[in-house]
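Peer 1: Protein chains in written order, with our numbering: chain H, 1 to 66; chain B, 67 to 214.
Before anything else, here's the structure in question.
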């Protein structure tokens, strides 16, 4: 699953640390999400969407595996 | 994971419990030496293990309590976030699952090894531990299947 987390974070001038603190996760988790190495739980995806005041599907792009 | 970082009240209780269990274990080991100084070699080793295990638990408990007292609320909050972080939890679960698989393989290898060397009781204990592991997995699977 791809996401626009890094792009949105940079647009708003937020550091990974600040985003991690706001979402109450570790900075490493934000890094892993941005690199696409880790897919968030539904709860975390909702938290991220609410933080950016956007819909989940505007941030996370789900591509079905063929 | 022996050292954990929950809320400070939870951690205080956890570290105090470690100290109590450690102290009981040390007392048992020491009392054994005092009241049965002529104990067999095996029993003496067992008593020594009790003292060592108790000392380790007490040490961890004391260290944990001192650390909790010295940590700032901000640092405690950061550690709480690290502990509850979903990715960290997943990493820990995966690592534990691999560790459990390795332990299972070792139990089988040791059971065969002990039997080949003629140590019947340890071999049977290993097989018993394997059964206990399989049964606990089945029970946990059943429980969580109903819960989730």
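C-beta: ideal position from N, C-alpha, C; glycine also.
Since this is a predicted model, take the numbers as computed values, not measurements.
What's the gap between the Cα of residue 207 (chain B) and the Cα of residue 213 (chain B)?
Peer 2: 10 angstroms
Peer 1: Chain B beta carbons: is any one of them nearer than 8 angstroms to that of residue 44 (chain H)?
Peer 2: At least one beta carbon of chain B lies nearer than 8 angstroms to the beta carbon of residue 44 (chain H).
Peer 1: Is the beta carbon of residue 4 (chain H) closer than 8 angstroms to that of residue 16 (chain H)?
Peer 2: Taking C-beta atoms as the reference points, residue 16 (chain H) and residue 4 (chain H) fail to come closer than 8 angstroms.
Peer 1: Along chain H, in chain order, which residues have C-beta atoms closer than 7 angstroms to that of residue 148 (chain B)?
Peer 2: The answer, in chain order, is 26.
Peer 1: DSSP has residue 2 (chain H) in a bridge; who is on the other side?
Peer 2: H:61
Peer 1: Just to confirm my understanding: we take residue 115 (chain B), look at its own chain, exclude 5 residues before and 5 after, and list those with CB closer than 8 angstroms. What are they?
Peer 2: 95
Peer 1: Residue 29 (chain H) touches chain B at which residues, Cβ-Cβ below 8 angstroms?
Peer 2: 151, 152, 153 and 154
Peer 1: Alpha helix (DSSP H) containing residue 52 (chain H): first to last residue?
Peer 2: First-last for residue 52 (chain H): undefined, no H or E at that position.
Peer 1: With 8 angstroms as the threshold, decide whether the Cβ of residue 210 (chain B) is near any Cβ in chain H.
Peer 2: Residue 210 (chain B) does not count as touching chain H.
Peer 1: Using the rule of at least 16 other Cβ atoms within 10 Å of the residue's Cβ for burial, across every protein chain shown, is residue 178 (chain B) buried or exposed?
Peer 2: exposed
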